[in-house]
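Here the structure is laid out as structure tokens; the discussion comes afterwards.
Residue numbers (our numbering): 732 to 1474.
Okay, structure coming up:
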């Protein structure tokens, strides 16, 4: 019987196999859960109908399944669908409660940049803020180490440098370093500091040697070994940028990304093809140009975080930001006591661009006025941050130089310019002045003029002071061919560079440096920049070392000065004016540079007085350009603008304000568009009258000043003193012995 039964089973099996070819279509259409064959709509089929083994009895995948209505970890919710916007997202995340790493900061998160995995970007993986400070255990940015403390001697120094290896920038040359001058400058003979190499500068190393002085000066250095691009293998700028080099009737030549000829600009904001840089490259983060239209807040020429300007060209806030004190030396442009945006001072304590919605007749948070237009001189300026109202705060004020910090106006005197008798530094407390009208300056240093002598307060002897600047704790001022420094708390005065009895433009350290005609002192990024006006060069002082170097301009020596020590000064200057020319560093030419200001974003602005132009100097590249200019007086835009005799200037980050000495006005120049207009004063009409606005449409002295519109401001001789003060949203000026405010 057993053999018969086995035969029967074998026959049945054979019948089944025999049936397969003919019956396959019927079998495929028949889906059976548990047959081991996964067929739609089955999610799985493990050959059985048991739960708990990963595939359920109804062939559904066991475990969390977004949209099945069963919340299971790691699901935060499951509402039975895969729809966003109903409180539970399509991937089963709670849309109401904050989720760290989703890029949406929600309380109680302090931040959320959506970039978990990077604890050096200011936002930790637990969505708490991180300031990337030495001693926090996170090795970030330029730190060589971070052992969680600020102790020297344990292998990782208090400033997070390796104590057992050479440190480029510490001023000590140790193998394998070839040099280390300790000045942190990347554009001199020895590029040092955190981003430097401490290897002698050579063409092709990627560092542009603009300063020298002992190694060859370079115009550029792209380190790419390509000779036919914008920077040759001799580190000179190839001449094709701005001209049709190959004669094909097209400015765009090989190796250029763009070329707009004379319209190439290092200040214009936008994108190609409408905007092209002066090196014929399209704008990008890292091109040393703050491109506001593209969303940049800064541009330090690199894509590195932690150096004050992030890899995305946004300002990295100082630790002091938001404390209500304007810490100039920490890189703050303003500090209004908070970190809210939209009020003129952003969350990184930088100026916010003004005038974004000016002219819509709806005053915004950071606007002082909005009259529905962008005309100037009519009670509201083109950026809506000034009403153009001028008030005289004090009369009889002797002042030839003006500087401002968070709390005080600092006034340097030189009365009169020829044969001075009073040489002092005085100050005015701004809050008390504006609130109570107590605006009389109080003397803090100096007295009767004399040969410079260091000392404290009024025991110090000063010479004529026609230029000064500050970092918030020290006031630097020019005094008879020297630069002197005054502690703003103790009023101690010391001489930091130059010699009072020598007259030349010779670089060196401290007293071994010589100055001729010091003007335009400007603090920016830890250095003091100055113009040697009669020698027609731009120079820089490192206050930490006393080192003075010439960084831009072709020097024209005063023929009345001996060109060897002791560089005896002549009885009167015999300055020769050049024909201005744009260029890099020492190849540029100034006509007669007299006054200077900074936008605190790496750009210096210079009035080239006899060259009747407004010039710019980009600190990162050494490029000297011309913004507006030409003899005359004409409001307008760019090349159409004409200047009369431009003198002192100041900036609020969006605009440059310039004194027009002979026209008796103050002009406003928008940095990005170069739109130029008359802010206050009546062109051609001197006087001392408070009022609102001004008119530069014509020389009113020709028609008769009495016929000019009534109520406009009259200025006598706006020349040396001009300073923008963010906390009070004001411009202060000293002219013709009057301290006046533009608000």
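Every residue gets a Cβ at the ideal spot worked out from N, C-alpha and C, and that includes glycine.
Legend entry - For residue 1230 and residue 1212, believed in contact at Cβ under 8 Å, the rounded distance: Indeed, because the Cβ distance is near 6 Å, the residues count as touching under 8 Å.
Inset, instruction - Pick helix, strand or coil for residue 1174, following the three-state DSSP scheme. - result: Strand.
Inset, instruction - Measuring alpha carbon to alpha carbon, tell me which of 1153, 1164 and 1163 ends up nearest residue 1174. - result: Closest in C-alpha terms to residue 1174, from the list 1153, 1164 and 1163, comes 1153.
Inset, instruction - Tell me whether residue 808 sits in a helix, a strand or coil according to DSSP, three-state version. - result: The answer is coil: DSSP assigns residue 808 none of H, G, I, E or B.
Inset, instruction - From the DSSP output, in three-state form, read off residue 772 for me. - result: In the structure shown, the three-state DSSP call for residue 772 is coil.
Inset, instruction - Could you tell me the distance, in whole angstroms, from the CA atom of residue 956 to the CA atom of residue 890? - result: The straight-line gap separating the alpha-carbon atoms of residue 956 and residue 890 is approximately 37 Å.
Inset, instruction - Can you give me the Cβ contacts of residue 752 inside the same chain, cut-off strictly under 8 Å, excluding the 5 residues immediately before and after it? - result: For residue 752, the pLDDT reaches just 39, beneath the cut-off of 50, and the residue's location in the model is therefore unreliable, leaving the point undetermined.
Inset, instruction - Return the bridge partner residues of residue 1034 from the DSSP annotation. - result: Under DSSP, residue 1034 forms no beta bridge with any residue.
Inset, instruction - Reducing DSSP to helix, strand and coil, say where residue 1349 ends up. - result: The three-state secondary structure of residue 1349, taken from DSSP, is strand.
Inset, instruction - Could you tell me whether the stretch 1399-1414 touches the stretch 1422-1429, where touching means 3 or more Cβ pairs closer than 8 Å? - result: Cβ pair count under 8 Å is three or more, so yes.
Inset, instruction - Please confirm if the stretch 897-917 is in contact with the stretch 927-946, defined as three or more CB-CB distances below 8 Å between the two stretches. - result: Yes: the two stretches touch, three or more of their Cβ pairs being nearer than 8 Å.
Legend entry - Where residue 1023 falls: helix, strand or coil (DSSP): Three-state result, residue 1023: helix.
Inset, instruction - Could you pull out every unbroken beta strand (DSSP E) segment of at least 3 residues lying fully inside the stretch 1167-1246, listed in chain order? - result: Counting whole runs of 3 or more residues, the stretch 1167-1246 contains the beta strand (DSSP E) stretches 1173-1179, 1199-1201, 1205-1210, 1213-1218 and 1223-1229.
Inset, instruction - Report all residues from its chain with a CB closer than 6 Å to the CB of residue 1084; omit the five preceding and five following residues, and keep chain order. - result: Only 1023 and 1385 meet the Cβ criterion.
Inset, instruction - Please determine, among 1002, 1010, 801 and 1102, the residue with the shortest C-alpha to C-alpha distance to residue 950. - result: It is 1010.
Legend entry - Rounded separation between residue 1274 and residue 966 - CA only: Those two C-alpha atoms are separated by around 30 Å.
Inset, instruction - Tell me where the beta strand (DSSP E) around residue 1354 begins and ends. - result: Run containing residue 1354: 1354-1360, per the beta strand (DSSP E) assignment.
Legend entry - Reference residue 805, options 1380, 818, 824 and 1329, closest by Cα: If we check each option's Cα against that of residue 805, 824 comes out closest.
Inset, instruction - Less than 8 Å between the CB atoms is what I'm expecting for residue 1454 and residue 1176, so what's the real figure, rounded? - result: Their Cβ separation, rounded to whole angstroms, is 19 Å, which puts residue 1454 and residue 1176 out of contact at 8 Å.
Legend entry - Short Cβ contact (8 Å threshold) for residue 1247 with residue 1223: It is not a contact, given that the beta carbons lie outside the stated cut-off.
Legend entry - Exposure label - residue 1329; buried when at least 16 CB within 10 Å: A buried status is given to residue 1329, since no fewer than 16 other beta-carbon atoms sit within 10 Å of its beta-carbon.
Legend entry - Cβ-Cβ separation, residue 1012 to residue 988 (assumed contact under 8 Å), whole Å: Between the beta-carbon of residue 988 and that of residue 1012 there is about 5 Å, and that keeps the pair under the 8 Å contact cut.
Legend entry - Reduced DSSP category for residue 1371 - H, G, I as helix; E, B as strand; rest coil: Under the three-state reduction of DSSP, residue 1371 is assigned to helix.
Legend entry - Delimiting residues of the alpha helix (DSSP H) encompassing residue 1431: For residue 1431, the enclosing alpha helix (DSSP H) starts and ends at 1431-1434.
Legend entry - CB of residue 1207 within 8 Å of CB of residue 1200, strictly: Pairing residue 1207 with residue 1200 gives a Cβ-Cβ distance under 8 Å.
Legend entry - Straight-line gap, residue 749 to residue 764 (C-alpha atoms, nearest Å): Low confidence applies here, because residue 749 scores a pLDDT of 41, under 50, leaving its location unreliable and the question unanswered by this model.
Inset, instruction - Use the C-beta contact count for residue 903: other C-beta atoms within 10 angstroms, 16 or more gives buried, fewer gives exposed. - result: Around the Cβ of residue 903, a 10 Å sphere holds fewer than 16 other Cβ atoms; the residue is exposed.
Legend entry - Extent of the continuous beta strand (DSSP E) to which residue 1134 belongs: Per DSSP, residue 1134 belongs to the beta strand (DSSP E) from 1132-1135.
Inset, instruction - Find out if the Cβ-Cβ distance for the pair residue 1325, residue 1250 is shorter than 8 Å. - result: With respect to the 8 Å criterion, residue 1325 and residue 1250 are classified as neighbours on the basis of their beta carbons.
Legend entry - Three-state class that DSSP yields for residue 1081 in the structure shown: In this structure, DSSP gives residue 1081 a state outside helix and strand, which the three-state scheme calls coil.
Inset, instruction - Please go through the stretch 1380-1444 and give each complete alpha helix (DSSP H) segment of 4 or more residues, from N-terminal end onward. - result: 1431-1434, all fully within the stretch 1380-1444.
Inset, instruction - Look at the alpha carbon of residue 1350 and the alpha carbon of residue 940, and state the distance between them as a whole number of angstroms. - result: Computed Cα separation, rounded: 13 Å.
Inset, instruction - Please report how far the alpha carbon of residue 1439 lies from the alpha carbon of residue 1413, in whole angstroms. - result: The straight-line gap from Cα to Cα measures roughly 8 Å.
Inset, instruction - Decide yes or no for the touch test of the stretch 1382-1399 against the stretch 1444-1458: beta carbon pairs closer than 8 Å, at least 3 of them. - result: With three or more CB-CB distances shorter than 8 Å, the stretch 1382-1399 counts as touching the stretch 1444-1458.
Legend entry - the stretch 1130-1145 contacting the stretch 1157-1168, beta-carbon criterion three pairs below 8 Å: Contact between the stretch 1130-1145 and the stretch 1157-1168 is present, because at least three Cβ pairs lie under 8 Å.
Legend entry - Environment of residue 1399 [buried if 16+ CB atoms lie within 10 Å]: Residue 1399 comes out buried.
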